[in-house]
Amino acid sequence: MNKLIIDVTNENIFLMIITTGNTYNITCENTKINYEKFTIIINDFLSSQNLKIVDISAIYINKGRGSFAGIRNSLSIVKAFNVAKKIDYYCYNINNFKDESDLSYENIPNLCKKYKIKKNLINPAYIS
246 MNKLIIDVTN ENIFLMIITT GNTYNITCEN TKINYEKFTI IINDFLSSQN
296 LKIVDISAIY INKGRGSFAG IRNSLSIVKA FNVAKKIDYY CYNINNFKDE
346 SDLSYENIPN LCKKYKIKKN LINPAYIS
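The sequence shown begins at 246 in this note's numbering and counts up one residue at a time.
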């Protein structure tokens with residue numbers, strides 16, 4: 246069961262793959278150009294670990310607080326993966342886990358389960 250974590254709410258785009266026993270991550274600059282090629286960035290990252298999008302069973306995406314463009318673009322791409330490849334996704338917000346001591350990206354899937362974060366729910370929080 247491979248999981249993909251996406252966070253575009255900070256200065257850098259952050260991607261993490263969690264596989265059985267291993268984690269892999271990359272960061273890249275949070276720019277308009279990278280949003281335009283975001284699917285390419287995701288596919289290249291997956292390919293670097295000999296994976297394809299169909300190998301991902303769930304996507305966890307930080308829904309904000311963050312920039313409107315970054316969140317909107319990343320949520321659109323994740324929704325497209327859901328429609329095209331039937332990949333479940335979970336939209337979390339770090340505030341959902343404010344009482345937790347372990348807020349590492351590796352722990353996000355467990356926290357989403359613990360706090361009953363709903364599947365396929367989008368309710369972004371933009372910085373205005």
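Note that the Cβ used here is the ideal one computed from N, Cα and C, for glycine as well.
Asked: Cutting at 7 angstroms between CB atoms, please list the residues of its own chain near Tyr360, excluding the five before and the five after it.; Found: Asn341, Phe342
Asked: Between Asn234 and Ile286, is the Cβ-Cβ spacing less than 8 angstroms?; Found: Because the chain here runs from 246 to 373, residue 234 falls outside it and cannot be looked at.
Asked: Report the residue from Val253, Gln294, Asn257 whose alpha carbon sits nearest the alpha carbon of Thr265.; Found: Gln294
Asked: Please report how far the alpha carbon of Lys363 lies from the alpha carbon of Met246, in whole angstroms.; Found: 19 angstroms
Asked: I believe Ile258 touches Cys273 by the beta-carbon criterion, under 8 angstroms. Please report the beta-carbon distance rounded to the nearest angstrom.; Found: 5 angstroms
Asked: Of the choices Lys282, Lys331, Tyr305, whose alpha-carbon is the least far from that of Cys357?; Found: Tyr305
Asked: Could you tell me the distance, in whole angstroms, from the CA atom of Lys330 to the CA atom of Ile271?; Found: 23 angstroms
Asked: Taking the beta strand (DSSP E) that Leu249 belongs to, which residues open and close that run?; Found: 247–252
Asked: Excluding five sequence neighbours on each side, which residues of the same chain lie with their C-beta closer than 6 angstroms to the C-beta of Glu351?; Found: Thr268
Asked: Let me check one thing: in DSSP terms, what residues is Phe272 bridge-paired to?; Found: Contrary to the premise, residue 272 reads as Thr rather than Phe in this sequence. Beta-bridge pairing links Thr272 to Phe259.
Asked: Whole angstroms is fine: what's the gap from Lys248's alpha carbon to Ser319's?; Found: 16 angstroms
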